[in-house]
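Peer 1:
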């Protein structure tokens with residue numbers, strides 16, 4: 096993906112079925128599978144036949160949201176800052192066989 100134009104073009108691909116994922120590293124944009132899907136298990140395939148050039152596989156990425164808070168020791172007052180604490184934000188509408196649940200680790204004290 097070209098950050099100046101936000102266009103993309105793959106290298107040479109063999110005929111077959113592919114799944115396209117748009118990911119903008121170090122940004123607030125949410126990952127998106129082609130055709131507006133946010134979960135890999137629902138992603139639509141893109142099939143390429145011999146001698147074919149596929150175009151028009153465009154993406155419209157949404158800005159993501161966040162959750163924040165503080166993890167306290169048992170006294171409810173002292174923030175835990177070491178060792179790192181992981182909080183998992185889990186999305187699980189429906190688990191599909193062979194597909195992982197989305198998890199996002201959050202490091203305490205790092206906002």
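In this note's numbering, the protein residues as written are 96 to 206. Note that the Cβ used here is the ideal one computed from N, Cα and C, for glycine as well. Bear in mind the structure is a predicted one, so any value in this text is a computation, not a measurement.
What residues in its chain sit with their C-beta under 7 angstroms from that of residue 156, if we drop five residues either side in the sequence?
Peer 2: 117, 119, 124, 125, 127
Peer 1: Whole angstroms are fine: how far does the CA of residue 138 sit from the CA of residue 131?
Peer 2: 8 angstroms
Peer 1: With a cut-off of 8 angstroms, do at least 3 Cβ pairs link the region 142-152 to the region 103-114?
Peer 2: The region 142-152 is in contact with the region 103-114.
Peer 1: What first and last residue would you give for the beta strand (DSSP E) that runs through residue 141?
Peer 2: Counting along the chain, the beta strand (DSSP E) containing residue 141 begins and ends at 141-143.
Peer 1: Cα separation between residue 167 and residue 136?
Peer 2: Roughly 36 angstroms separates the two Cα atoms.
Peer 1: Pick helix, strand or coil for residue 113, following the three-state DSSP scheme.
Peer 2: Reduced to three states, the DSSP call for residue 113 is strand.
Peer 1: Who are the Cβ neighbours of residue 149 in its own chain at under 7 angstroms, not counting the five residues just before and after it?
Peer 2: 141, 143
Peer 1: For the candidate residues 114, 104, 175, 105, whose alpha-carbon lies nearest to that of residue 134?
Peer 2: 114
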